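Each remark here refers to the structure printed beneath this line.
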Amino acid sequence: MTNHLYLAAAIALLAGWVPLVVMCVRAHTIDGLVALQLAGTLTTLVLVCLAVGLHQSGFAPVALISALCAIVGGLVYARYLDRYP
Amino acid sequence: MTAAQLAAQVLLWAGVAAELICCIGLWFMRDVFDRLHFAAAATSIGPIFIGVSAALTGTGSLSSTVEAVTATAVLLLVSPLLTHATGRAARRLLYDDIGPKPEQLEEAS
Chain H
2 MTNHLYLAAA IALLAGWVPL VVMCVRAHTI DGLVALQLAG TLTTLVLVCL AVGLHQSGFA
62 PVALISALCA IVGGLVYARY LDRYP
Chain S
12 MTAAQLAAQV LLWAGVAAEL ICCIGLWFMR DVFDRLHFAA AATSIGPIFI GVSAALTGTG
72 SLSSTVEAVT ATAVLLLVSP LLTHATGRAA RRLLYDDIGP KPEQLEEAS
């Protein structure tokens, strides 16, 4: 059974990537890192919406792994920039 | 439509609106510290609303529903750490020090 509202919400959340990608490409390094962190959050929420909308249980663990990777990756980048000479 | 379904839809679109507002705010802010405010809000408000909405609707099985809600809970609980680390890195990158400047100390005294 498909829940179309959650699929529409996933598409709406994907639209939020547009300013973030532009900022990652054009802005200062640290501003790009903030945009990258928000993109990771959006990715997790898109996967949660897909899991509910498609009733596919396989998306839920991917969302959990995406959340963990977004946080660990952001921490690694922040730590790297903190020690940047 | 039951009350739970109505609540799930309202929470879902409130979460989506919060995320999109944070994305637009990130775009229009002047410096990284203002942008961090919006990034922190995006990792707290949106995941709460969408996580509760997913819990009310369900993903077909209990275990995957718990995993989806756990993913939003991880974002909610651990992201302040990430915001703090990013703010610290930004302060050191832009001002070469995480402490206040000497002129700021003079103004405070």
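Residue numbers (this note's numbering), protein chains in the order written: chain H, 2 to 86; chain S, 12 to 120. All residues carry an ideal CB built from backbone N, CA and C; glycine is no exception. Note that the structure is predicted; figures quoted are calculated from it, not measured.
Name the two residues that bound the continuous alpha helix (DSSP H) containing residue i.
i	result
R46 (chain S)	43-53
D32 (chain H)	30-55
S75 (chain S)	73-106
R27 (chain H)	18-27
G74 (chain H)	60-83
I32 (chain S)	14-39
When you compare the CB positions of residue i and residue j, do they come within less than 8 Å of one another, or not?
i	j	result
F49 (chain S)	L37 (chain S)	yes
A66 (chain S)	V80 (chain S)	yes
A11 (chain H)	G59 (chain H)	no
L8 (chain H)	L21 (chain H)	no
T42 (chain H)	A64 (chain H)	no
A29 (chain S)	F60 (chain S)	yes
V35 (chain H)	L47 (chain S)	yes
Buried or exposed for residue i, going by 16 or more other Cβ atoms inside 10 Å?
i	result
M12 (chain S)	exposed
P111 (chain S)	exposed
A14 (chain S)	exposed
V27 (chain S)	buried
I109 (chain S)	exposed
To the nearest whole angstrom, what separates the beta carbons of residue i and residue j, a pair I think is in contact under 8 Å?
i	j	result
M24 (chain H)	G33 (chain H)	6 Å
V49 (chain H)	L15 (chain H)	V49 (chain H) to L15 (chain H), Cβ: 13 Å. No contact.
A52 (chain H)	S75 (chain S)	6 Å
T83 (chain S)	P58 (chain S)	4 Å
L93 (chain S)	L76 (chain H)	6 Å
Below 7 Å, is the gap between the Cβ of residue i and the nearest heavy atom of the ligand GTP?
i	result
L31 (chain S)	Annotation note on the ligand GTP: not contained in the displayed structure, which lists no ligands.
I want to know whether the region 63-77 of chain H touches the region 88-98 of chain S - three or more CB-CB distances under 8 Å. Flag = yes, the region 63-77 of chain H and the region 88-98 of chain S touch.
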